[in-house]
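Undergrad: Just passing along the structure, written as structure tokens.
In this note's numbering, the protein residues as written are 165 to 412.
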């Protein structure tokens, strides 16, 4: 009787040992501290950039005032004004670009930390009621983390932001530069003032549009891991999870 050889059964792959919950929490906490450090560094860097820009602006305007008095606002003063204002406006737009980028980076860090809070709540659901910041990494969750006390005014938050502040300063400087150019072209005073004002307003509106466009584009391509529940009675009380308003 012939012996039939059967192929050996495949060995089961070794099972990975389950990671203890304490180790998971420690790993998440390490990531959390890294995000906090990166967020703090970005905020400190952009505030330094804004301070440097304002110092440059003040020095340029004071220099123009002194040179204007010394030269009697001659043709050489006009040339110097064009050069200085052009440099200041260029530095201002570069600073504004960095402010916009840091604003988006800050939102990125907030969403990342919200996601970590969602992981904490999965490990231990009982801690959810102790979290003031949101554990949902979506638009409503980011608003909740930025402001704990329920709904807030979008206008006050946007109008008082660093983005609007630097945009207003740059728009004023740009309008001043446009007025100077119009004066060099021998435009009448009313036209010079009008052109400068219109240029400043247009620059400010474009700055707001660019910031809003960048903000909306980020949300269009983002997918949350812990979205806010569609029906949550605590959404309006602000106890947990997000509030209804957005930063815009």
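Virtual Cβ for every residue (Gly too), placed ideally from N, Cα, C.
Using three-state DSSP, classify residue 338 as helix, strand or coil.
TA: What you label residue 338 is simply residue 174 of the chain shown in a count that begins at 1. Residue state, collapsed to three classes: helix.
Undergrad: What distance in whole Å lies between the Cβ atoms of residue 224 and residue 252, which are believed to be in contact at a cut-off of 8 Å?
TA: To locate residue 252, count along the chain shown from 1; it is residue 88. To locate residue 224, count along the chain shown from 1; it is residue 60. Rounded, the Cβ-Cβ distance is 5 Å, consistent with contact.
Undergrad: Candidates 378, 276, 372: which alpha carbon is nearest residue 268's?
TA: Position 104 of the chain shown, counting from 1, holds the residue named residue 268. Among 378, 276, 372, the Cα nearest to that of residue 268 belongs to 378.
Undergrad: Taking 8 Å as the threshold (C-beta atoms), are residue 360 and residue 342 in contact?
TA: As a first step, residue 342 must be located in the chain shown, where it is residue number 178. As a first step, residue 360 must be located in the chain shown, where it is residue number 196. In contact: residue 342 and residue 360 (Cβ atoms closer than 8 Å).
Undergrad: Please classify residue 405: does DSSP put it in a helix, a strand, or coil?
TA: Along the chain shown, one-based indexing puts residue 405 at 241. Here residue 405 scores only 40 on pLDDT, less than 50, and its place in the model should not be relied on; the value that follows carries that caveat. If DSSP states are grouped into helix, strand and coil, residue 405 belongs with coil.
Undergrad: By the DSSP assignment, the alpha helix (DSSP H) with residue 203 in it spans what residues?
TA: As a first step, residue 203 must be located in the chain shown, where it is residue number 39. From DSSP, the alpha helix (DSSP H) with residue 203 extends over 185-235.
Undergrad: Would you identify the three-state DSSP class for residue 365, choosing helix, strand or coil?
TA: Here the question's residue 365 lines up with position 201 in the chain shown. In the structure shown, residue 365 sits in a helix (DSSP, three-state: H, G or I).
Undergrad: Going by C-alpha to C-alpha distance, which of 238, 194, 370, 266 sits closest to residue 214?
TA: In the chain shown, the residue the question calls residue 214 occupies position 50. Of the candidates 238, 194, 370, 266, the one whose C-alpha sits nearest the C-alpha of residue 214 is 266.
Undergrad: Roughly how many angstroms separate the alpha carbons of residue 249 and residue 257, rounded to a whole number?
TA: As a position in the chain shown, residue 249 is number 85, starting the count at 1. As a position in the chain shown, residue 257 is number 93, starting the count at 1. One C-alpha to the other measures close to 12 Å.
Undergrad: Might you give, ordered along the chain, the residues of its own chain that have their beta carbon closer than 8 Å to the beta carbon of residue 348, omitting 5 neighbours on each side?
TA: Residue mapping note: residue 348 aligns to position 184 of the chain shown, counting from 1. For residue 348, where only same-chain residues beyond five positions count, the Cβ hits under 8 Å are 242, 246.
Undergrad: Among 376, 310, 263, 202, which residue has its Cα nearest to the Cα of residue 333?
TA: Taking the first residue of the chain shown as position 1, residue 333 is located at position 169. Of the candidates 376, 310, 263, 202, the one whose C-alpha sits nearest the C-alpha of residue 333 is 263.
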